[in-house]
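If you use the UniProt record's numbering, the sequence shown corresponds to residues 1 to 175, in order.
For glycine and all other residues, C-beta sits at the position ideal for the given N, C-alpha and C.
As structure tokens, the structure follows; a few thoughts come after it.
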Amino acid sequence: MAKDELGYDRIVERQLRGVAREVLLQVGSKGLPGDHHFYITFRTDYPGVSIGPTLKAQFPKEITIVLQHQFWGLEVTDEAFAVTLSFSGKHERLHVPFDALVSFTDPSVKFGLQFELKNQQVELQPADKPAPGAAKDEAPTALPKKSETKPAETNGGGDAKPATIIALDNFRKKH
């Protein structure tokens with residue numbers, strides 16, 4: 001089998017991260033439309049991630065944030081996004097390079113993306129617990145291990161409709 005000298009994996013990965021970037025750009029300029037909201041999981045130990053020391057101590061490897069009702073100052077660049085969230089009643093500014101993303105989901109439309117991290121082995125680990133005192137819409141949590149993750153079987157109306165999860169592995173040739 002020929003070696004992929006064009007780097008299709010890298011190209012597809014970059015484009016999938018571009019979907020998250022484009023969505024956050026729209027939300028940053030126009031706000032969240034309808035029932036849309038996002039669960040964004042990222043590696044807290046990835047180079048360029050900036051979170052407060054308390055959050056870093058609670059979530060040394062990975063955290064999932066929710067962008068829904070209470071977030072402020074969403075700024076998006078080509079390489080990263082920054083947002084202020086409330087954790088235990090305290091506002092924290094987060095800076096997250098897109099390369100640190102593990103997953104990006106919008107449960108309102110059953111859409112999700114899972115990413116590979118560049119130059120790092122990723123093992124998803126559940127967090128021990130969410131930040132104490134954090135409100136439901138603000139609670140940082142870690143997603144279950146990939147093998148434990150199951151797409152939602154139904155939407156709010158009870159109609160059977162599988163979630164759309166797109167992972168880079170879908171585009172890789174199996175050896």
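Cβ-Cβ separation, residue j to residue i (assumed contact under 8 Å), whole Å
| i | j | result |
| --- | --- | --- |
| L113 | L16 | 5 Å |
| S29 | L94 | So it is not a contact: roughly 19 Å between Cβ atoms. |
| S108 | H36 | 5 Å |
Buried/exposed call for residue i, threshold 16 Cβ in 10 Å
| i | result |
| --- | --- |
| V76 | buried |
| A57 | exposed |
| Q120 | The predicted model places Q120 with a pLDDT of 46, which falls under 50 and marks its position as unreliable, so this point remains unresolved. |
| V19 | exposed |
| D106 | buried |
| R10 | exposed |
Residue i to residue j span [Cα, whole Å]
| i | j | result |
| --- | --- | --- |
| E13 | E116 | 7 Å |
| F87 | M1 | 50 Å |
| V96 | G34 | 25 Å |
| D45 | L101 | 11 Å |
| F98 | A80 | 5 Å |
| H69 | Y8 | 37 Å |
Endpoints, alpha helix (DSSP H) assigned at residue i
| i | result |
| --- | --- |
| L6 | Run containing L6: none; DSSP gives neither H nor E here. |
| Q58 | 53-58 |
Boundaries of the beta strand (DSSP E) in which residue i is found, first to last residue
| i | result |
| --- | --- |
| A100 | Counting along the chain, A100 falls outside any beta strand (DSSP E), and DSSP gives it neither H nor E. |
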